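Those sequence lines, one after another, are chains A and B. Going by the working numbering, the letters in the first sequence line up with residues 1 to 585, in that order. Going by the working numbering, the letters in the second sequence line up with residues 1 to 358, in that order. Built from N, CA and C at the ideal position, the CB exists for glycine as well. Keep in mind the model is a prediction, meaning the values are calculated, not measured.
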Amino acid sequence: MNGTAITPGTNGVRPSWGRTVDLRLVAFWSIAVVIGVLVIVPLGLLVVNSFRSASIGDIEFSLKGLTLHNYIEAYSSPATFRMLFNSLWFAVGSMILAMCMGGVLAFLAERTDMRWRDAIPMMVMIPLIMPSVVKGIAWIFLLSPRIGVINQVGRWLGLDGPILSAYSLPAMIWVEGVSMSPLAFLLIAGTIRRMDPSLEEAALGSGASTWTTFSKVLLPLLKPGLAGVAILLFVRGIEAFEIPMLLGFSSGIFVFSTTIYYSIRGAFPPDYGLGFAYSMTLVVVTLIAILFYQRQLRHSERYTVVVGKGYRPRVMPLGRWMWPAWGFVGFYFVFAAVLPLLILVWSSLLPYYRPPSWKALSAVSLENYWELFASPALLNVASNTLLLGGISSIAIMFLAILCSWFVYRTNITGRKVLDVVVFLPYAVSGMVIGVAFLVVFLSFPNPLYNTIWIIVLAYVVNYLPIGTRFTNAAVVQVHKELEEAAWGSGAGFWTTLRFVWFPLLLPALVNGFLFVLILSFKVMSIAMLLRGPDSMVLSVYLWHLWDTGNPGTSSALSVLLVVVVTALSVLARRLGGSVAGGREL
Amino acid sequence: MNRVLVLTSLVALVAFAGSAFAMDHIRAKMIEKAKKEGEFVVAGSNAAEFRDRLKGFRKAYPWLKVKAFDANTSATVNRVVTEAKAGKLTIDMVGVDESGTESLAQKGLLKGYDYPHMKDMIGNTQPRHGQYVDAFMNPRVQGIYNTDLVKPADVPRNWDDMTSAKYKGLVLLSRSAEEFPSRMAWLWGSTDNLNWEKSFDFFTRMVKNQKPAIGRGYAGGTKRVAAGDVGIFWFPALGTYSKLKAKGAPVEMIAFPKFPMTFRSFAIMKDAPNPAGSWLLIDYLMSPEGQYEYTDVVSAKVVVNKNAKSGKLAKILVDGGATEKNAALVEPDTAAKIYTPAVLKKSEDFFFKLLGIK
Numbered sequence: 001m002n003g004t005a006i007t008p009g010t011n012g013v014r015p016s017w018g019r020t021v022d023l024r025l026v027a028f029w030s031i032a033v034v035i036g037v038l039v040i041v042p043l044g045l046l047v048v049n050s051f052r053s054a055s056i057g058d059i060e061f062s063l064k065g066l067t068l069h070n071y072i073e074a075y076s077s078p079a080t081f082r083m084l085f086n087s088l089w090f091a092v093g094s095m096i097l098a099m100c101m102g103g104v105l106a107f108l109a110e111r112t113d114m115r116w117r118d119a120i121p122m123m124v125m126i127p128l129i130m131p132s133v134v135k136g137i138a139w140i141f142l143l144s145p146r147i148g149v150i151n152q153v154g155r156w157l158g159l160d161g162p163i164l165s166a167y168s169l170p171a172m173i174w175v176e177g178v179s180m181s182p183l184a185f186l187l188i189a190g191t192i193r194r195m196d197p198s199l200e201e202a203a204l205g206s207g208a209s210t211w212t213t214f215s216k217v218l219l220p221l222l223k224p225g226l227a228g229v230a231i232l233l234f235v236r237g238i239e240a241f242e243i244p245m246l247l248g249f250s251s252g253i254f255v256f257s258t259t260i261y262y263s264i265r266g267a268f269p270p271d272y273g274l275g276f277a278y279s280m281t282l283v284v285v286t287l288i289a290i291l292f293y294q295r296q297l298r299h300s301e302r303y304t305v306v307v308g309k310g311y312r313p314r315v316m317p318l319g320r321w322m323w324p325a326w327g328f329v330g331f332y333f334v335f336a337a338v339l340p341l342l343i344l345v346w347s348s349l350l351p352y353y354r355p356p357s358w359k360a361l362s363a364v365s366l367e368n369y370w371e372l373f374a375s376p377a378l379l380n381v382a383s384n385t386l387l388l389g390g391i392s393s394i395a396i397m398f399l400a401i402l403c404s405w406f407v408y409r410t411n412i413t414g415r416k417v418l419d420v421v422v423f424l425p426y427a428v429s430g431m432v433i434g435v436a437f438l439v440v441f442l443s444f445p446n447p448l449y450n451t452i453w454i455i456v457l458a459y460v461v462n463y464l465p466i467g468t469r470f471t472n473a474a475v476v477q478v479h480k481e482l483e484e485a486a487w488g489s490g491a492g493f494w495t496t497l498r499f500v501w502f503p504l505l506l507p508a509l510v511n512g513f514l515f516v517l518i519l520s521f522k523v524m525s526i527a528m529l530l531r532g533p534d535s536m537v538l539s540v541y542l543w544h545l546w547d548t549g550n551p552g553t554s555s556a557l558s559v560l561l562v563v564v565v566t567a568l569s570v571l572a573r574r575l576g577g578s579v580a581g582g583r584e585l
Numbered sequence: 001m002n003r004v005l006v007l008t009s010l011v012a013l014v015a016f017a018g019s020a021f022a023m024d025h026i027r028a029k030m031i032e033k034a035k036k037e038g039e040f041v042v043a044g045s046n047a048a049e050f051r052d053r054l055k056g057f058r059k060a061y062p063w064l065k066v067k068a069f070d071a072n073t074s075a076t077v078n079r080v081v082t083e084a085k086a087g088k089l090t091i092d093m094v095g096v097d098e099s100g101t102e103s104l105a106q107k108g109l110l111k112g113y114d115y116p117h118m119k120d121m122i123g124n125t126q127p128r129h130g131q132y133v134d135a136f137m138n139p140r141v142q143g144i145y146n147t148d149l150v151k152p153a154d155v156p157r158n159w160d161d162m163t164s165a166k167y168k169g170l171v172l173l174s175r176s177a178e179e180f181p182s183r184m185a186w187l188w189g190s191t192d193n194l195n196w197e198k199s200f201d202f203f204t205r206m207v208k209n210q211k212p213a214i215g216r217g218y219a220g221g222t223k224r225v226a227a228g229d230v231g232i233f234w235f236p237a238l239g240t241y242s243k244l245k246a247k248g249a250p251v252e253m254i255a256f257p258k259f260p261m262t263f264r265s266f267a268i269m270k271d272a273p274n275p276a277g278s279w280l281l282i283d284y285l286m287s288p289e290g291q292y293e294y295t296d297v298v299s300a301k302v303v304v305n306k307n308a309k310s311g312k313l314a315k316i317l318v319d320g321g322a323t324e325k326n327a328a329l330v331e332p333d334t335a336a337k338i339y340t341p342a343v344l345k346k347s348e349d350f351f352f353k354l355l356g357i358k
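In C-alpha cells:
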C-alpha cells in the first residue's frame, strides 16, 4: 500500500477510522501469532531436537546437550547412502519422465494444429485427480512380476522375465512420473502460453526451418520456465510418500519419506533422533530447491508476454506427424488413466485378485462393495475425512485471504515477515510437518493428541501456502480504486468487505477451498503419522485395507474414491466457472 | 473313607462356588465401572475386527463403545511405549503377538488382573507373572504355497528342502520375519542355549540359494501367493491365508514338525484410562463363546480354553496341519527368556543384514 489518501468510512470528509485501524492491528497480530506458533514452534522443535539425543518424553526447547550424534548415526550407515541414491534417482527420474510426457502433451495442445487437441486437457485431468495411493495399487496389479497384466502381455509376446517389476525403483519412477505428468502438463502449458511469440515469428520470417526455430528460438525461450517446472517436480518427487510406500517400502527400497516414516513409526524401538536428522536433511534439500525455483520463476517472468487483444500464437502444422502425435496421446491416456481404472474395477469385483481371464470372470461379484458398505468403519472414516477436509479448507481459506489482504493491502509493519512464515511450509514436506506436529503434541500437555484436530492443524500449516497462492493472485487483481470508491461513498470496513471484496474474491476462495478439499482426500502422509484410534481418514483407510490383505475391498474403495474426487473436481470447475462468471457480470 | 470323600467334595464344591461367586463379583464390579467409563481403546492386529465382528461381545455390552487402532505388533508396541513415556496414553489394551506383550511387561507398562476363565486354560499357556493373557495359540508354519505354481511333488518336506535352489524365483520372504532367526535358534537349541549358528546358516543358505523377493508384513505376501505372483511365502502369519482359503484361493500350507507356535496375547496397560471395558473384552475372549467367535470370524488361531470349540478359520489351520501336535510351543516362561531386547536385536541385525536392508 503506498500512502492511501482515502481510508474506509471517511466519505472523503472525516477520517473516523481510529477504532477500525486498531481492530486491523489486533486482527493482524492475532493471525501472525497463531500462524507463527503453528509454523515456527513445530519446525523449531524439530531443528533443535535433531541435535539432541531425543527420545519422546524428554523432547524440549533446550540448547543443553546438543550433539551431532543423530547426524553421525544417519550418515555413517551405508543404508543412508543407498536411501539418498534411491531418493535422488527417484526424484530426478520421475521429474524427467513427467517433463517429457507433460511437455509433449502441452506442446501438442498449445502450439500445434492437432485435431481435437482441446480434448488433451480433459484427458490429463483424470490422472491428475486420481489419488496417488489409488494409482500405486492399480500399478501393482498391472506390474506384478508374474501376474501383472502388462507383464503377462510381455510373457505372451515371448519375453522371459517381467517387462518391469512393480517392486523396483524403475517401476516407482514410472508410476510417479506418470502421476506427476498432469502437473507438468499444466505448468508447461502455462509457460508456453506466456511466451513472447514475436521472436519465433521473426525467426520463421527470416527463413529458419521449423526445427531450427524450435531448437534455436523456442526452446531457449522456454528454458527458464522449464527449469522452474523441473525444480518444482523434483521437489514433489523427493517429498513423495504414497508411491514409495506402496511399491518400494515393501521390497526394501527406501527414499526420504519412507525412511522418516520407518524411523518413527516402523522401527522397533522407534528412533526419533534418526527420523529428525533425516527430516532436517530433507528440509535442507527442498528449501534449496524451492529457493532455486523462486529464482527461476523471477528469471522466467522476464520472458513473459502480456497478451494483447486478438493475439494468437502461431500454430505449427503437424502434417504427417498428426497420427504419431495422436498415438502418443492415446498411449498416454491408456497408461495414465484407462488401464489403472480398469484394473481397479476388475480387482474390486473379485474375492481375491486373479489376472483377467474367462475363468476368473465366473468369480465376479459385488461382494467387496457390499462388504465395504456393511463395515461400520466406512461411515466413521468418511465423516472424519469430510470433517478434516471441510474444516481445514475453510480455516485455510479464511487465514489465506486475511494474510493476502494484510500483505498486499496494508502497510502494517511485519507483514512481509508474515508472508515468509506462511510460505515456509511450502518448502517442507508433509511428512516432515507430520513429524514436527507429532513431536509437539507428544511433548506438551494438550487435549488434541490422537484426535482429528491435530491433523486439521497440520493440514492448515501444510496447505496454507497453497491457499495463499489462490488468494494472493485474487487480492492483487482487485484494484484499489474499487475499495477506495466504496470508502469514498461512506462504506465502512465491514460493508466494503461484504459488498466489494467478498463478491470479488469469492471465486478464488471457492476454488481454493475445493482444491484443498480434494487434496485432503488424496494425501496420506500427515494423517498416517498423526492418526489416532478414532481419526482414520479415507486415504489411510485405503492403505490400511491394502496392507492388511484386502485387495478386493481396497480396490472397491479406490473406485469409489476416484468417483468422489472426480465429482468434487467437476463441482470445482462448475462452481469456479459460475462464480467467476458472476464476477465478470 | 466315604466321609472323607464327601467332605473333600463339599470343600471343593464350596471352593468352586466361592471362586465362581468371587469372579462373578469381579465381573459385576467391572461392568459397573465400564458403564461409567463408557468406552475403551484396543490396539493391535485385527483391532477393528474386535470392534466390528464380535457380535457376542456387542450383544453382552451394547452400551460400551469400542475404539480400535489397527496396527501390527511392533507398531502397536512402539505407539504405547511412546505414549506412556510422553504421559499421553490413549490406548487401554493391546492384542498382539506374545513377543510384544512380553516386551511391554518387561518395561513395566502392563497391569495384571484376575480373569474368570483361567482355570479352563490348557496347561503351560499362561505367563506366571500374570501381566497378560495368552488367549490363542498362533501357529507359524514353515510356509504357504500356490497350488497352481508348486506341484504336490515339489512341496518342501523338511528344513533342508526349504533352502533348496530349485525354488529360486518363486519365493517371497517378509522383512517382518526378523524374529525368526531367534525362534529357529531356540527351536534348534534350547531356551538357555540358543543355536544361533544353525539358525544363521539356515537363513544364509535360503537367501543365497533362492534370492527371494522381499516383502513387508504378512498379509501382502499371502495375497501375492493367492494371486499367483509368487509361488511360496516362508514363515507367513496365517490370518489372511485362512480368509483367502475360505474364499477358494489356490493356497495350501507347508507344515511339518516342528514349527514354533507362539501366542496371541492380550493385556491392559498399567495407566489405561479405561481399563474396565478392556477387562470385559479379555474376559469375553477367554470364554468358550469368545474363543469360538474369534476363531470363526476374526482370525485364524487355535483356542486355549479347554471347553471351547474351534471356529471355521481355526479349522482351516488344523486341516492344513497347523496343529499343536506339530508345533513346538513357545511357552510363556520361554518367551520371557527369548524375547529379550538383546536376543531380538541380534536376530534383527542378522536378518536385515542378510536381506541387505541394513
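Taking C-beta pairs closer than 9 Å, name the residues in chain A that residue i reaches, listed in chain order.
i, result
"Asn78(B)", "Ile264, Arg265, Gly266, Ala267, Phe268, Pro269 and Pro270"
"Asp296(B)", "Residues of chain A passing the Cβ test: none, with the nearest at roughly 17 Å."
Would you report the Cα separation of residue i and residue j, rounded to the nearest angstrom?
i, j, result
"Lys107(B)", "Phe266(B)", "16 Å"
"Gly207(A)", "Leu128(A)", "40 Å"
"Asn591(A)", "Phe470(A)", "In the structure displayed, chain A extends from 1 to 585; residue 591(A) sits before or after that span and is not available."
"Pro275(B)", "Phe141(A)", "43 Å"
"Val207(B)", "Ser144(A)", "21 Å"
"Asp161(B)", "Val171(B)", "13 Å"
"Leu361(A)", "Met130(A)", "26 Å"
Would you call residue i buried or exposed, if buried means 16 or more other Cβ atoms sit within 10 Å of its Cβ?
i, result
"Thr258(A)", "buried"
"Trp546(A)", "buried"
"Ile40(A)", "exposed"
"Val66(A)", "Sequence inspection shows Leu at residue 66(A); the Val mentioned does not correspond to that position. The residue in question, Leu66(A), is exposed, as its Cβ has fewer than 16 Cβ neighbours within 10 Å."
"His25(B)", "exposed"
"Ser404(A)", "buried"
"Asn305(B)", "buried"
"Gln477(A)", "exposed"
"Val34(A)", "exposed"
So which residues of chain A does residue i contact, with C-beta pairs closer than 8 Å?
i, result
"Lys67(B)", "Pro533 and Asp534"
"Lys223(B)", "Tyr352, Tyr353, Gly549 and Pro551"
From the DSSP output, read off the bridge partner residues of residue i.
i, result
"Pro139(B)", "Met261(B)"
"Tyr145(B)", "Ile232(B) and Glu252(B)"
"Met121(B)", "Asn305(B)"
"Val134(A)", "The partner list for Val134(A) (beta bridge, DSSP) is empty, contrary to what the question assumes."
"Glu39(B)", "Lys65(B)"
"Ile214(B)", "Leu173(B)"
"Ala328(B)", "Pro260(B)"
"Leu110(B)", "Met269(B)"
At a CB-CB cut-off below 7 Å, which residues of chain A make contact with residue i?
i, result
"Val41(B)", "Pro533"
"Ser74(B)", "Phe268"
List the residues of chain B whose Cβ lies closer than 7 Å to the Cβ of residue i, in chain order.
i, result
"Arg155(A)", "Result: empty, since nearest Cβ-Cβ is about 12 Å, beyond 7 Å."
Which residues in chain B have a C-beta closer than 9 Å to the C-beta of residue i? List them in chain order.
i, result
"Ser590(A)", "Here chain A has residues from 1 to 585 only, and residue 590(A) is not among them."
"Asn86(A)", "Under the 9 Å cutoff, chain B gives no residues; its nearest Cβ is about 13 Å from Asn86(A)."
"Ser375(A)", "Ala48 and Asp52"
Cβ-based contacts, 7 Å cut-off: residues of the segment 536-568 of chain A near chain B:
Going along the segment 536-568 of chain A in chain order, one finds His544, Asp547, Thr548, Gly549 and Pro551 with a Cβ nearer than 7 Å to chain B.
What are the residues of the segment 343-355 of chain B that lie near chain A, defined by any Cβ-Cβ distance shorter than 7 Å?
Taking 7 Å as the upper bound on Cβ-Cβ separation, chain A lies near residues Leu355 of the segment 343-355 of chain B.
Return the residues of the segment 135-157 of chain B that lie within a Cβ-Cβ distance of less than 9 Å from chain A, sorted by chain order.
For the segment 135-157 of chain B, the residues whose beta carbon sits under 9 Å from a beta carbon of chain A are, in order, Leu149.
If you measure beta-carbon to beta-carbon, which residues of the segment 83-99 of chain B are closer than 9 Å to chain A?
From the segment 83-99 of chain B, only Glu83, Ala84, Lys85, Ala86, Gly87, Lys88, Thr90 and Ile91 have a Cβ closer than 9 Å to chain A.
Between the segment 228-256 of chain A and chain B, which residues of the former have CB atoms less than 7 Å from a CB of the latter, in chain order?
Here the close residues are Phe249, Ser250, Ser251 and Gly252.
At a CB distance below 8 Å, what residues from the segment 237-262 of chain B approach chain A? Give them in sequence order.
Hits within the stretch, in order: Gly239, Thr240, Lys243, Leu244, Lys247, Gly248 and Ala249.
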